[in-house]
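Numbering-wise (our numbering), the sequence shown opens with residue 125 and increments by one. Below: one structure, written as structure tokens.
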Amino acid sequence: MKTTLKLLTMLFCVVSFAQTTIKGKITDNTGLPLPGSNIVVVGTSSGTISDFDGNYTLTVDQNPPFFIRVSYTGFETQTIEITANNQTIDVTLVEGNALDEIVISASRTPERIFESPVTIERFGLKEIKNTASADFYDGLENLKGVDINTNSLTFKSINTRGFATFANTRFMQLVDGMDNSAPALNFPLGNLLGMTETDILSVELLPGASSALYGANAFNGILFMRSKSPFDHTGISAYFKGGITSQEAAGDNEYKDYGIRMAHKFSDKFAVKVNFAYLQGTDWAANDTRGKNDLNFIDSSSTRENDPAYDGVNSYGELASSSLRAVAESPAFLSQLPNPSLVDLLPLDQVVSRTGYNEADLTNYDAKSLKADWGLYFRPWEDDFEIQYVGKIGSGSTIYQGSNRYSINNFFLQQHKVEIKNDNFFVRGYVTADNAGDSYDLVFTGVNINRQWKGDNQWFGEYAAGFIGATLAGATGDEAHAQARQAADTGRLMPGTTEFQNAFNRVTSDTDVLTGSKFRSESKIYHADANYNFSHLTDFADIQVGGSYRQYVLNSFGSVYTDKDGEIDYSESGIYTQLQKNFLEEDRLKVTASLRYDKSELFDAFFSPRISLGYNIGKDKNHNVRASFQTGFRNPDTQALYIGLNAGRVILLGSASDNPERENRAFPINSAYGQSLFGSSIQFSGANAYNNSFTASSVGAFAASQNPGDLEIANPSLVKPEQVSSYEVGYRGKVKGFIIDASAYFNQYQDFLSTVDVVAPFYGDVQLTQNIPGTNVPEAVAALASSEFQAYRAYTNTDADVNSYGAALGVSTKIFGGFDLSANYTYAKLDFDRAANPDFQTNFNTPEHKVKASFGKTELLKNFGFNVAWRWSDTYIWESSFVNGTVPSFHVFDAQINYIVPSLKSTFKVGAANLLNDEYFTAAGTGFIGAQYYVSWTINNL
125 MKTTLKLLTM LFCVVSFAQT TIKGKITDNT GLPLPGSNIV VVGTSSGTIS DFDGNYTLTV
185 DQNPPFFIRV SYTGFETQTI EITANNQTID VTLVEGNALD EIVISASRTP ERIFESPVTI
245 ERFGLKEIKN TASADFYDGL ENLKGVDINT NSLTFKSINT RGFATFANTR FMQLVDGMDN
305 SAPALNFPLG NLLGMTETDI LSVELLPGAS SALYGANAFN GILFMRSKSP FDHTGISAYF
365 KGGITSQEAA GDNEYKDYGI RMAHKFSDKF AVKVNFAYLQ GTDWAANDTR GKNDLNFIDS
425 SSTRENDPAY DGVNSYGELA SSSLRAVAES PAFLSQLPNP SLVDLLPLDQ VVSRTGYNEA
485 DLTNYDAKSL KADWGLYFRP WEDDFEIQYV GKIGSGSTIY QGSNRYSINN FFLQQHKVEI
545 KNDNFFVRGY VTADNAGDSY DLVFTGVNIN RQWKGDNQWF GEYAAGFIGA TLAGATGDEA
605 HAQARQAADT GRLMPGTTEF QNAFNRVTSD TDVLTGSKFR SESKIYHADA NYNFSHLTDF
665 ADIQVGGSYR QYVLNSFGSV YTDKDGEIDY SESGIYTQLQ KNFLEEDRLK VTASLRYDKS
725 ELFDAFFSPR ISLGYNIGKD KNHNVRASFQ TGFRNPDTQA LYIGLNAGRV ILLGSASDNP
785 ERENRAFPIN SAYGQSLFGS SIQFSGANAY NNSFTASSVG AFAASQNPGD LEIANPSLVK
845 PEQVSSYEVG YRGKVKGFII DASAYFNQYQ DFLSTVDVVA PFYGDVQLTQ NIPGTNVPEA
905 VAALASSEFQ AYRAYTNTDA DVNSYGAALG VSTKIFGGFD LSANYTYAKL DFDRAANPDF
965 QTNFNTPEHK VKASFGKTEL LKNFGFNVAW RWSDTYIWES SFVNGTVPSF HVFDAQINYI
1025 VPSLKSTFKV GAANLLNDEY FTAAGTGFIG AQYYVSWTIN NL
């Protein structure tokens, strides 16, 4: 009996500690190693990845026989049986086509692109490695239907299907499930809080409305970035890029970009990773000296020399302006004249602006980006059940163009996430917090440096006196204006002097827009969401349910929002369900239906349905046609609700029900009649923009005609959610070696949300029933004539018809024995009557035609590859609250060559973005985009 027990005990020990080791090499069908391939034991979480040379070794506590699954993004997965210990298993993976790649975002469940119910674009490891752009984020611009608008060297804004702005609240960006929008701004800051290049696993992009699954902000599209798991991708990877940026305005400047990823799997239960990246360079300088007209459009005929009312695109300080009539009516000015009749020498209707400073005088154009993230990953049962904590930070300096141009200095963003998940569910919660650091408004920096030296009333008084004196001396009108400016500017603070720098420091540390330009924010977003997939519990259909909750906490200390008296907070929540089922023979028909219910505490609830049909055609089911209909909605964003920002000529005003009254400011009163009513100043509320205002265009017409009959009442309504009905059809398939992906869409908007320009007089009603006593002159008309009014850019909805439609076609193939060739075309069109709605901006900001192409080969010679990308954009109009203007057509060549050194586990790349250095810009008011020439060294899996 004892002998039997000993034998059983020995046998148990052998079984308990049995180990099987296999090794081998993973290559593609040309013999090229595939580093980072996943080798996983089927049915377990045990696995490893291949090294830089494609080699792997896997040891598991399991006796043969069992199966391993070998996969690599862009290649067909293989499953292989292991029958003995110490086997050598070399695997050759066959490159799949783009339609076979797996995506998750279209239905929140893994599926082939070929069968996705809606249009989707993917940017995987192969594309990231081969991109000719300076970084992977810029490389996304080569996807069909995608626009990237360049704000600055480090801040790019992605958009699809029109309505693009740098403050793009219509487009969502998720990084490992976290929305990386800045809380104060409510839109993504490009990749400033994104991912490091060595940690990217894949990027997916859904153009168009995605509200049915992802909520209100996914209105124009959504970008998903997924990182590598430390359980699957271990080791140390790093990259370094160095080179120059070349621009006519800024010259040739050095830039560097480096990053490192460290990941370690301690056991099948616990793994960690850390990422760090830093970029430093010189931003694209903006030096457009053309002026702007009364409609905020660039006017090339307006210069500082010929236009007394000059307001330069990239010259800041001219927002301080006044009509000479207002100066002449000032009692203080009249008292200084030896004879009051001398005011008759002034061109009273002429507006005069103060002399501004060039943008280069107000910023050093330093571009910096520092980002880091870290994660702890725990699998308590060594299976797919995982608990993770992830932290992220981003900091740096950049230029942002919104209502004005802003120097974003030493900003700080952070995110912290806790998530529990397995293959069938996830529950996550995260917080995003921002700190604006030392950021400031460039426009008001120029305005208030002038005021530090000399107040507006004094300057305009000296200008008017100088004009009168020059006229008396026999000067012509133009000569008198030049001499008047010279007299008023005598002693002006000049850039480079100690006095200028001291004034600059005072202004940029002061948050009061009347005296300073500092932008403050310590805002937060709290978010939680969950999803459960019942597909493992029922064969009837794939059924998912989920929900989300978000709370906004705005705290800009009154510098952006109307929160000077304390934080503003509000919340949104939603739930959704989706059913997906295949029908007909061979499951050729795929039906996907989803429904989402969302409720903001500020508005009524909304339902967002989506239904799509996909049908596989042909004997081999290699053609797929699809059609979908969905409705989307967009809650007004934080700015549309609570902004109260003085942008100079206008005040940006949100219209949550309690917001206009909180936008309350003191304004000077200069006319004799106005002072008889209010004294020297008036306390004026933003509520007047919504209940006592004229349209800005009619005020312009009145200024030209002096006919009160030209005035039109505005009184816009308060904002409410915007809705869209979206129809889409598409085709994917492979035809004689060509992969074709085509789609077309039509979007119909209801209650389109944007801004309207209005003018509210400080006194008098816009119905013109209140006259100055003893006259038949309406008080409101007198207020306009005396420049005693305030212009607002008010958030509202339009009842005008707003539609957009477009199409995209992509074709890719292999030619000449393995060269990759692809091309795509995108068409986008706005259907909106601008002439009938002159005060309403849609900000479509999208070219009607775009063409893109790329050509390359990963193995042109042994270990040597290359890629060339070209894109062309049509001319289009750019609308924004900062400036409106035409963006001319442009074309861009990017190119790179790369060489792999297996012994060093390294890839070396030499490349150029905008190789020919044909400078261009994607938005009016920004700097021209020059060339980036770079050399990079990437090390994988040390």
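The beta carbon of each residue, even a glycine, is placed where N, CA and C say it ideally should be.
Spatial distance of residue i from residue j (CA atoms)
| i | j | result |
| --- | --- | --- |
| ASN655 | VAL475 | 60 Å |
| GLY798 | ALA904 | 11 Å |
| PHE886 | ALA452 | 19 Å |
| GLU586 | GLY1054 | 43 Å |
| PRO760 | GLY778 | 9 Å |
| LYS380 | GLY366 | 4 Å |
| PRO897 | ALA820 | 27 Å |
| ASN210 | GLY178 | 18 Å |
| GLY286 | ASN266 | 16 Å |
| ALA915 | GLU691 | 26 Å |
| LEU1076 | PHE591 | Within the shown structure, residues of the chain are numbered from 125 to 1066, placing residue 1076 beyond reach of any answer. |
| THR999 | LEU954 | 14 Å |
| SER781 | THR293 | 20 Å |
| VAL370 | GLN1056 | Before going on, a small fix: residue 370 reads as Ser here, not Val. Approximately 6 Å between the Cα atoms of the pair. |
| ASN528 | ASP565 | 7 Å |
Opening and closing residue of the beta strand (DSSP E) in which residue i lies
| i | result |
| --- | --- |
| THR920 | 913-922 |
| TRP996 | 988-997 |
| PHE943 | 943-955 |
| ARG385 | 375-389 |
| TRP1002 | 1000-1002 |
| TYR1058 | 1055-1063 |
| ASN770 | 768-770 |
First through last residue of the alpha helix (DSSP H) which encompasses residue i
| i | result |
| --- | --- |
| PRO902 | Per DSSP, PRO902 belongs to no alpha helix (DSSP H) and is neither H nor E. |
| GLY570 | 566-577 |
| THR632 | 622-632 |
| ARG786 | 783-786 |
| ILE252 | 249-254 |
| GLU603 | 601-612 |
| VAL823 | 820-829 |
| ILE213 | Neither: ILE213 is in no alpha helix (DSSP H) and is coded neither H nor E. |
| ALA1019 | First-last for ALA1019: 1014-1025, but that is the beta strand (DSSP E), not the alpha helix (DSSP H). |
Cβ-based neighbour list, residue i, same chain, cut-off 7 Å, excluding 5 preceding and 5 following
| i | result |
| --- | --- |
| GLY148 | TYR180, THR212, ILE213, ASP214, VAL215 |
| ASP865 | ARG856, GLY934 |
| HIS540 | GLY515, TYR554, VAL555 |
| THR762 | ASN310, TYR676, LEU678 |
| PHE141 | Note that PHE141 scores a pLDDT of 46, beneath 50, so its modelled location is shaky; the value from the coordinates is reported in the next line. So the list is empty, once near-sequence residues are dropped. |
| THR1062 | TYR363, SER1030, THR1031 |
Own chain, CB closer than 8 Å to residue i, minus 5 neighbours either side, in chain order
| i | result |
| --- | --- |
| ALA796 | GLU453, PRO455 |
Beta-carbon contacts of residue i that lie in its chain and below 6 Å, excluding the five residues immediately before and after
| i | result |
| --- | --- |
| SER326 | GLY248, ARG350 |
| HIS660 | ASN548 |
| LEU500 | VAL396, TYR513 |
| LEU135 | Any reading at LEU135 needs caution, since the residue's pLDDT is 37, under 50, leaving its predicted position unreliable; the model's value is listed next. No residues qualify anywhere along the chain. |
| LEU403 | ASP381, SER493 |
| TRP996 | VAL975, HIS1015 |
| GLN872 | SER849, ASN927 |
| ALA373 | ALA409, ASN411 |
| GLN874 | GLN847 |
8 Å contact criterion, which residue i and residue j should meet: CB distance rounded
| i | j | result |
| --- | --- | --- |
| GLY854 | ARG750 | 5 Å |
| LEU486 | THR569 | 5 Å |
| LEU316 | ALA491 | That belief does not hold up - the Cβ atoms of LEU316 and ALA491 are roughly 11 Å apart, past 8 Å. |
| GLU852 | TYR869 | 4 Å |
| PRO159 | ASN1064 | 5 Å |
Residue ranges of each beta strand (DSSP E) run of no fewer than 3 residues wholly in the region 263-309, ordered along the chain? 270-274, 280-284, 295-299
Of all the beta strand (DSSP E) runs that stay within the bounds of the region 315-364, which reach a length of 3 or more residues? 324-331, 345-351
Which full runs of the beta strand (DSSP E) of 3+ residues lie inside the region 872-897, going along the chain? 876-885
Report the start-end ranges of each beta strand (DSSP E) in the region 652-707 that is 3 residues or longer and not cut off at the edges. 666-678, 692-707
What beta strand (DSSP E) runs, 3 residues minimum, are completely inside the region 706-730? 713-724
What ranges does the beta strand (DSSP E) occupy inside the region 500-568, keeping only unbroken runs of at least 3 residues that lie completely in it? 510-525, 529-545, 549-559
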